[in-house]
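Chemist: The following block contains the structure, expressed as structure tokens.
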Amino acid sequence: MLARVQGWSWYKKTLMALSVLGFLGSNFMFLTPYGTELRMSLAEMVIMTQHRWYAWFLVGGAERDRMVEALWERITSMGEEPQNFNLVQVAPRKQRTKDELIHVEDIAGKNYRGKMMWVYDPHSIRMVVTSKQGWGERITEMVKRTGAVAGVNAGGFDDPDGLGNGFAPIGLIMSDSQVLYQDADGKQPIVGFTREGKLVVGNYKLEELRELGVKEAASFYPRVILDGKPLITSGEGGTGIQPRTAVGQKADGTVIFIVIDGRQPGWSIGATEREVQDLFLAQGVVNAGFLDGGASSELVVGGELLTKPSSRYGERRLPSAFLVFDEPDKIVVTSLGRG
Numbered sequence: 001m002l003a004r005v006q007g008w009s010w011y012k013k014t015l016m017a018l019s020v021l022g023f024l025g026s027n028f029m030f031l032t033p034y035g036t037e038l039r040m041s042l043a044e045m046v047i048m049t050q051h052r053w054y055a056w057f058l059v060g061g062a063e064r065d066r067m068v069e070a071l072w073e074r075i076t077s078m079g080e081e082p083q084n085f086n087l088v089q090v091a092p093r094k095q096r097t098k099d100e101l102i103h104v105e106d107i108a109g110k111n112y113r114g115k116m117m118w119v120y121d122p123h124s125i126r127m128v129v130t131s132k133q134g135w136g137e138r139i140t141e142m143v144k145r146t147g148a149v150a151g152v153n154a155g156g157f158d159d160p161d162g163l164g165n166g167f168a169p170i171g172l173i174m175s176d177s178q179v180l181y182q183d184a185d186g187k188q189p190i191v192g193f194t195r196e197g198k199l200v201v202g203n204y205k206l207e208e209l210r211e212l213g214v215k216e217a218a219s220f221y222p223r224v225i226l227d228g229k230p231l232i233t234s235g236e237g238g239t240g241i242q243p244r245t246a247v248g249q250k251a252d253g254t255v256i257f258i259v260i261d262g263r264q265p266g267w268s269i270g271a272t273e274r275e276v277q278d279l280f281l282a283q284g285v286v287n288a289g290f291l292d293g294g295a296s297s298e299l300v301v302g303g304e305l306l307t308k309p310s311s312r313y314g315e316r317r318l319p320s321a322f323l324v325f326d327e328p329d330k331i332v333v334t335s336l337g338r339g
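Mind the numbering: the sequence shown is residues 1 to 339 in our numbering, read in order.
Shown next as structure tokens:
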């Protein structure tokens, strides 16, 4: 038998090697506890992307659908309980230089690298949208165009064909109390700021946001800290290891943005929801939630991209971003594609 194999062409040898590896890999993935755990973790990661149907190859169609349904039930439940806005006291706005307004530090964990940005005046944060008709806009371009101090990606968007043009937002977008985009009635997962500078994270109807005085907002999920209490108390969050963008607020009004690089072996794989939650808790954050992640995650300061997005396009075009301004009242934002 050995002599016969040695006489095979390189092509037949390659096919045999691949067949053996496939057989061994299948047995490991489907017949061992470790393989099963790995398959489930990979499926969780895929489900959080815009290509969640690929999870079928890992767990089958029925299990994939069950996982998606369970994920949305969990996300919805985490955003339902009302916030106690009295826990946050924001000082009146005062003029700050750009250097006084923000502070950025490197962060790192077992599988990730990223940045943490403190914004000391929440009134300085504005929702800005793309100015390009029919296309999203890179955050570096938004920052340079508007004269912003810094910026991170904000709400989710639909990119079914993977073209990366960034012009199909999902949910609700508000800037300066004006609705710039809304694709559905009823409750939606919201991340935003009131006129008083208080972070709002959870499920809200538009009428409720108006009653709360919400001024800047986008749609994403989940909320992970409510009134100082972590909402992920067991497991890692159920969405695998991903690039992440998230925002939290301390009791004194300070806002913290976290941006985690991912999907880049040798540099940064990504973080779980719980890892990001715990980073916030260590900083004394009382309310926190996630913004869009994955290939959209990025932090820009002074027009310079400080993180390493995982998108194959490099820096991705996006419909919305939270930007920081030293003179926020001078910024006028109109509808998508016009300013």
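Ideal Cβ positions, reconstructed from N, Cα and C, are used throughout, including at glycine.
No experiment lies behind these values; they were computed from the predicted model shown.
Within 10 angstroms of its Cβ, does residue 89 collect 16 or more other Cβ (buried), or is it exposed?
Modeler: So residue 89 ends up on the exposed side.
Chemist: Using 8 Å for Cβ pairs, my map puts residue 297 next to residue 260. What's the rounded Cβ distance?
Modeler: With a Cβ gap of about 7 Å, residue 297 and residue 260 count as contacting.
Chemist: Is it right to say residue 332 is buried, meaning 16 or more other beta carbons lie within 10 angstroms of its own, or is it exposed?
Modeler: Exposed, by the Cβ-count rule.
Chemist: Are the Cβ atoms of residue 135 and residue 167 separated by less than 8 Å?
Modeler: Going by C-beta atoms, residue 135 is nearer than 8 Å to residue 167.
Chemist: Run through the segment 306-334 for me and flag every whole beta strand (DSSP E) of 3 or more residues, listed as ranges in chain order.
Modeler: For the segment 306-334, whole beta strand (DSSP E) runs of length 3 or above, ordered along the chain, are 320-324.
Chemist: Determine the direct distance from the alpha carbon of residue 96 to that of residue 73, and round the result to whole angstroms.
Modeler: One C-alpha to the other measures close to 42 Å.
Chemist: Of the residues 225, 176, 127 and 204, which one's Cα is nearest the Cα of residue 153?
Modeler: Minimum Cα distance to residue 153 is reached at 127.
Chemist: Determine the direct distance from the alpha carbon of residue 276 to that of residue 108, and round the result to whole angstroms.
Modeler: When rounded, the distance between both Cα atoms is 11 Å.
Chemist: Thinking residue 241 and residue 271 are a contact (beta carbons under 8 Å), I'd like their distance in whole angstroms, please.
Modeler: Going by Cβ atoms, the distance from residue 241 to residue 271 rounds to 6 Å, so yes, they are a contact pair.
Chemist: Short of 7 Å in beta carbon distance, which residues of its chain neighbour residue 328, apart from the five on each side in sequence? Order them along the chain.
Modeler: Closer than 7 Å at Cβ, skipping near neighbours: 123, 124 and 126.
Chemist: In terms of residues, what are the limits of the alpha helix (DSSP H) holding residue 132?
Modeler: First-last for residue 132: undefined, no H or E at that position.
Chemist: Return the first residue and the last residue of the beta strand (DSSP E) that residue 81 is part of.
Modeler: Residue 81 -> no beta strand (DSSP E), and no H or E assigned at all.
Chemist: DSSP has residue 152 in a bridge; who is on the other side?
Modeler: 299 and 322, per the DSSP bridge assignment.
Chemist: Could you spell out the range, first to last residue, of the alpha helix (DSSP H) harbouring residue 100?
Modeler: From DSSP, the alpha helix (DSSP H) with residue 100 extends over 98-101.
Chemist: CB-CB under 6 Å to residue 323, same chain, minus the five flanking residues each way: which ones, in chain order?
Modeler: So the list reads 126, 128, 148 and 151, once near-sequence residues are dropped.
Chemist: Between which residues of its own chain and residue 232 is the CB-CB distance below 7 Å, once the five residues before and five after are set aside?
Modeler: Excluding positions up to five away in sequence, the list reads 224, 273, 274 and 277.
Chemist: Which of helix, strand or coil does DSSP assign to residue 212?
Modeler: Helix.
Chemist: Just verifying my parser: in three-state terms, what is the DSSP assignment at residue 294?
Modeler: Residue 294 falls in the helix class under three-state DSSP.
Chemist: In terms of residues, what are the limits of the alpha helix (DSSP H) holding residue 264?
Modeler: Premise fails: residue 264 is in no alpha helix (DSSP H) and is neither H nor E.
Chemist: Assuming residue 106 and residue 115 form a contact by the criterion Cβ under 8 Å, report the distance between their Cβ atoms to the nearest whole angstrom.
Modeler: With 8 Å as the limit, residue 106 and residue 115 qualify as a contact, their Cβ atoms being about 6 Å apart.
Chemist: Closest to residue 309 by C-alpha separation, out of 320, 295, 110 and 216, would be which residue?
Modeler: With distances taken between Cα atoms, residue 309 lies closest to 295.
Chemist: Which of the three DSSP states, helix, strand or coil, is assigned to residue 304?
Modeler: DSSP places residue 304 in strand when its eight states are reduced to three.
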